[in-house]
Amino acid sequence: MDMGNQHPSIKRLQDIQKEVKEIESQVVNFSGLSSDRAYKNLERTLTKQLFEIDSVDAEGRGDIQQARKRAAQETEGLLKELEQNATHPQRLEIESIFKEAQAFVEREIAAFYKGGNCVTEEFDEGIQDIIFRLTQVKTGGKISLRKARYRTLTKVCAVQEIIDSCTKQQPSLPLSTDTHPSVAKINSVMSEVNKAKGTLIAVLMGVNNNETCRHLSCVLTGLIADLDALDVCGHPEIRNYRKEVVEEINKLQNYLDLEEEADSTYGYELAQNACIIKIEEIRKKAKEVHASLLSAEKASELYLQSKTELQGLIAQLDEVSPGKNPCIREARRRAVIEVQTLITYFDLKEALLKRQTCAEQTAAEPPSHKAVWNILGEVSQIQQEVLSFDGNRTDKNYMRLEELLTKQLLALDAIDPQGDECSKAARKQAVKLAQNVLYYLDIKTDEWEY
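Quick look at the structure:
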């Protein structure tokens, strides 16, 4: 069509579609809730565009009617996607966990406002549990959910780091006020820093509406200025004390830029993350080791070599640095469990083969000890199936494997060592091994993804 002779209505529809296209990425990436200001702005903009589309006069022409219909469908599709992003069950689950975290933090930070530096064990463990639960939220690869999960994790992990810094021993803090007149001021600043930690945690978690990151930054900058004004010449121990307090303040300042970091794509879109790529390469190698054993005629001859390879993979996983990202940390943890399960499988196979070649020695064992090893033989066969299992929890085979392992645990529980310490220790190790296999089956089928 000659652009110069294009109908004004068609031209208007194309302009509207262009405007809608410009905000499409904002809709796709929207990670908030329907109550957020950003949601309402996007909804208002798209609704306005629908009215604009509806107001275009088709003048009875079929081509304009079709163009208007397409433009309306595209805009309505974005409105629907925006609503789905904000009301997705997993998005609501993330919000529910965060609300729980907010209530928990609000109860625990009271001690900080008094200038103390005490973190209860309950506070530490509670935050760790919240982080773990957030990493388990399924996103299905959906960008908006990944972003929402990562933004929430960024805040909660920052809280964890702050309370971890409170539990670390700092022998030089505080010094006695008798040491130097400046020490009293530094001690006073340190007390204010501890209060600021509580305020920062409250701001990050959204439980203090009376404070902002900007004002808190000004407060912290003022504390540094107070420290810089102190004359501590000729007193290296006091200078070091002041330096440590300044470092504490600078660490808190870094957390004030979290909103910007939480929006960075590299944080939540992990498919191309170097650490994840490395972890996946290691997992692939582990699977290749397992596959080569399954196809080998004399697998027992390859056990030692395979174990050595797998132990090398564990060392490689140890070298992967997840940084502050809990999703990468969880991916590494799962990979370690996967490789370690293979190593345990080879260890058990070797032990069972060794018993077969030492029949005379095993003949003198107590019945309870023999019973444990008989069950371990069964566990070894089940473990081999678990390692090869590639289904989900709805599969009949999953339920069969779970039931078989549970039966072995019950059988171990029924063994009476009759006071024999070796039998007691063997049973304890066998129970732990069977539980580990059951746990591996569980995490292998929980559909976790980073």
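Using the numbering used here, the first residue of the sequence shown is number 126, and each one after it goes up by one. Virtual Cβ for every residue (Gly too), placed ideally from N, Cα, C.
*Count the CB pairs spanning the segment 435 to 444 and the segment 474 to 488 that are closer than 8 angstroms, and state whether there are at least three.*
no
*N-terminal and C-terminal residue of the alpha helix (DSSP H) that L381 is part of*: Element bounds for L381: n/a, residue is neither H nor E.
*So L352 and A321 are in contact, right, with Cβ under 8 angstroms, and what is the actual spacing, rounded?*
Not quite, the Cβ-Cβ distance comes to about 13 angstroms (not below 8 angstroms), so this is no contact.
*Roughly how many whole angstroms lie between the Cα atoms of A211 and C338?*
26 angstroms
*asked:* Can you find the residues in the same chain that come closer than 6 angstroms, C-beta to C-beta, to A163, ignoring five residues on each side of it along the sequence?
replied: G157
*Taking Cβ positions, are I252 and I222 nearer each other than 8 angstroms?*
no
*Taking the alpha helix (DSSP H) that Q131 falls in, what are its first and last residues?*
Counting along the chain, Q131 falls outside any alpha helix (DSSP H), and DSSP gives it neither H nor E.
*When DSSP labels each residue in this structure, what does L566 get in the three-state scheme?*
helix
*Where does S159 fall in DSSP's three states?*
coil
*asked:* For the alpha helix (DSSP H) containing K320, name the first residue and the last one.
replied: P306 to L329
*CA-to-CA distance, S313 to L530, given in whole angstroms*: 59 angstroms
*With a floor of 3 residues, list each beta strand (DSSP E) that falls wholly inside the segment 247 to 300, ordered by position along the chain.*
none
_Helix, strand or coil, according to DSSP, for W498 in the structure here?_
helix
_Contacting residues, own chain, Cβ-Cβ under 7 angstroms from V281 (five flanking each side not counted)_ = A226, I252, I255, I256 and L259
*Inspect the beta-carbon positions of T433 and N561 and report whether they are closer than 8 angstroms.*
no
*Smallest Cα separation from Q509: which of P542, D541 and A416?*
A416
*For Q508, name the three-state secondary structure that DSSP assigns.*
helix
*Thinking I234 and G331 are a contact (beta carbons under 8 angstroms), I'd like their distance in whole angstroms, please.*
With a Cβ gap of about 13 angstroms, I234 and G331 do not count as contacting.
*For V371, which of helix, strand or coil comes out of DSSP?*
helix
_Residue of I148, N319, S134 and I363 minimising C-alpha distance to Q191_ = S134
*Along the alpha helix (DSSP H) that carries L203, what are the first and last residues, could you check?*
G187 to T212
*With a cut-off of 8 angstroms on the beta carbons, I'd call T264 and Q215 a contact; round off their distance for me.*
6 angstroms
_C-beta atoms of S505 and F471 nearer than 8 angstroms_ = no
*Identify which residue in T170, T346 and K553 has its Cα closest to the Cα of K146.*
T170
*Can you tell me where the alpha helix (DSSP H) with R454 in it begins and where it stops?*
P451 to T482
*Distance, Cα to Cα, W573 vs E455?*
10 angstroms
*Return the residue from the list A183, L329, E286 and T245 that minimises the CA-CA distance to K224.*
L329
_Segment limits, alpha helix (DSSP H) that includes C338_ = C338 to D353
*Count the C-beta pairs between the segment 533 to 548 and the segment 484 to 497 that are closer than 8 angstroms, then say yes if the count reaches three, no if not.*
yes
*Given a cut-off of 8 angstroms, decide if S307 and I363 are closer than it, judged by their beta-carbon atoms.*
yes
*Going by C-alpha distance, which of V556, Q131, E246 and V461 is nearest D188?*
Q131
*Helix, strand or coil for I439, going by three-state DSSP, please let me know.*
helix
*Find out if the Cβ-Cβ distance for the pair I462, C400 is shorter than 8 angstroms.*
no
*Nearest to V181 by CA position, among F155, R137 and N335, is which residue?*
R137
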